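Colleague:
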Amino acid sequence: MAKVNAQPYTYEFEPAKTAVVMIDMQRDFILHGGFGETLGNNVDLLAAIVPTAKKLLDSCRAAGMTIIHTKECHRPDLADCPPSKLTRGNPTLRIGDAAAMGRILIDGEEGSDFVPELAPQSGDIVLTKPGKGAFYATPLGDILRLKGITHLLFGGVTTEVCVQTTMREANDRGYECLLVEDATESYFPEFKAATIAMVRAQGGIVGWTAPTGAVLAALG
Ligand code: TIU
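Residue numbering for the sequence shown follows my numbering, starting at 102 and increasing by one per position.
Have a look at this one:
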């Protein structure tokens, strides 16, 4: 049993029953010219966590843990994109529009792919998702059940949108969840800090939080 020095108290997990869920480390959110930038965000903040996310994935993969990567993206015909998502706000480009890395957030386009440093490795599981949460309209729940997974470690972007939404979905489904503090990032540092605080408040109402170093120390 691995024991992580976490907040609000020690998080224990069996590597064989634990998956790392790396959320949406896609070029469209992290690199210039993608969806994140069209929403008016400074994407450079997100690129800074790539080496840490890679260290977490590489170490957990070496420990025999299940690795799951998610991608927020849509069908080329946009049939799985709610009109509300397509039209909300005032972005310079909308989902499906042609941009520097292909059509914005469309499956198969360069921009919807992962940043090269975090490309999935042999044995990793890749899921596409049309929503912010990774359980909605995906086989994630079935995959975790079939693999006997009970514990989930979360990283990726953005902390308060797709990561927090998925972590809350998982918590309500009975998974023991830990947010890896330095393997997740937001366009808004104050929203990241607030998410970490609210996850572990009230005795861990959504789960635990810990830095990558504490997870790696627990794996030995
Ligand atoms: N993956 C994810 O968080 N999608 C978003 O749209 N996030 C924003 O913060 N916009």
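Every residue, glycine too, gets a C-beta built ideally from N, C-alpha and C.
This structure is a prediction, so every number in the text was calculated from the model and none was measured.
1) Just the Cα atoms here: how many angstroms apart are CYS263 and ASP125?
2) Let me check understanding here. Comparing Cα to Cα, which of SER213, ASP198 and ASP283 lies closest to ASP129?
3) Taking 8 angstroms as the cut-off, is the CB of THR188 close to at least one heavy atom of the ligand TIU?
4) What residue ranges within the stretch 219-264 form continuous beta strand (DSSP E) runs of no fewer than 3 residues, ordered along the chain?
5) Does the ligand TIU have even one heavy atom less than 8 angstroms from the beta-carbon of VAL264?
6) Measuring CB to CB, does GLN265 end up less than 9 angstroms from THR296?
7) Please say whether ALA235 and THR267 have beta carbons closer to each other than 9 angstroms?
8) Taking the straight line between their C-alpha atoms, what separation do you get for LEU280 and PRO231?
9) Taking 9 angstroms as the cut-off, decide whether the C-beta atoms of LEU253 and THR119 are in contact.
10) Any chance you could list the alpha helix (DSSP H) runs of at least 4 consecutive residues sitting entirely within the stretch 150-202, in chain order?
11) Have a look at the DSSP bridge pairing and note the partners of LYS118.
12) Nearest by alpha-carbon distance to GLN303: which of GLN108, MET102 and ALA103 is it?
13) Give every residue of the same chain whose Cβ lies closer than 8 angstroms to the Cβ of GLY190, excluding the five residues on either side of it in the sequence, and list them in chain order.
14) Under the DSSP definition of a beta bridge, which residues are partnered with LYS104?
15) Who are the near neighbours of ASP181 in its chain, counting only those whose CB is closer than 8 angstroms to its CB and skipping five residues on each side?
16) From THR153 to GLY197, what distance separates their C-alpha atoms?
17) Taking only the alpha-carbon atoms, compute the straight-line gap between PRO177 and ARG195 and give it to the nearest angstrom.
Modeller: Quick look at the numbers:
1) 8 angstroms
2) SER213
3) no
4) Taken in chain order, the complete beta strand (DSSP E) segments of 3 residues or longer contained in the stretch 219-264 are 226-230 and 252-258.
5) Yes - the ligand TIU has a heavy atom lying nearer than 8 angstroms to the Cβ of VAL264.
6) yes
7) yes
8) The alpha-carbon atoms of LEU280 and PRO231 are separated by roughly 22 angstroms.
9) yes
10) 151-163 and 184-188
11) For LYS118, which the question treats as bridged, DSSP gives no partner whatsoever.
12) GLN108
13) LEU140
14) GLU113
15) HIS175, PRO231 and ALA238
16) 31 angstroms
17) If you draw a straight line from the Cα of PRO177 to the Cα of ARG195, it comes to about 13 angstroms.
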